[in-house]
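First up is the structure itself, then whatever we jot down about it.
In our numbering, the protein residues as written are 297 to 411.
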């Protein structure tokens, strides 16, 4: 009852979110181009996470957030590539999260993305 015929299946998408150090952003961008990522949103953010410098009055630290939509099957490999490019081995390197996406649409054509 809840299954679809193979020809009726829609592509499953994921959103890969990475919060990284600003100083590794260029290296990460180059890696994304190298592996053929077709689009990314990059935002400068402030926050704190697992590592907090209690000696600082302001706990907020500058980081960069990247958001990439991709097929679910590519999300794990993309997360691995992001971690490889952003890794310094120091506290505060950041995180990568993979979140399922119900659907993605093109605004211009008003059509559902299929790949």
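No residue lacks a Cβ here, since even glycine has one placed at the ideal position from N, Cα and C.
For residue j and residue i, believed in contact at Cβ under 8 Å, the rounded distance
| i | j | result |
| --- | --- | --- |
| residue 357 | residue 321 | Going by Cβ atoms, the distance from residue 357 to residue 321 rounds to 14 Å, so no, they are not a contact pair. |
| residue 381 | residue 323 | 5 Å |
| residue 362 | residue 336 | 6 Å |
Residue i - DSSP class collapsed to helix/strand/coil
| i | result |
| --- | --- |
| residue 400 | coil |
| residue 312 | strand |
| residue 374 | helix |
| residue 409 | coil |
| residue 334 | coil |
| residue 362 | strand |
| residue 395 | strand |
| residue 357 | strand |
Own chain, CB closer than 8 Å to residue i, minus 5 neighbours either side, in chain order
| i | result |
| --- | --- |
| residue 333 | 364, 366, 374 |
| residue 411 | 307, 367 |
| residue 341 | 315, 358, 359, 360, 361 |
| residue 384 | 317, 320 |
Close beta carbons around residue i, own chain, < 7 Å, minus the five adjacent residues each side
| i | result |
| --- | --- |
| residue 301 | Reliability fails at residue 301, whose pLDDT of 46 lies under 50, so the model's placement of it is uncertain and the value that follows must be treated cautiously. Excluding residues within five positions, none has a Cβ falling inside 7 Å. |
| residue 344 | 355, 356, 357 |
**Q.** contact_flag[the stretch 345-352, the stretch 393-406] where n(CB pairs < 8 Å) is 3 or more
**A.** Under the three-pair Cβ rule at 8 Å, the stretch 345-352 does not count as touching the stretch 393-406.
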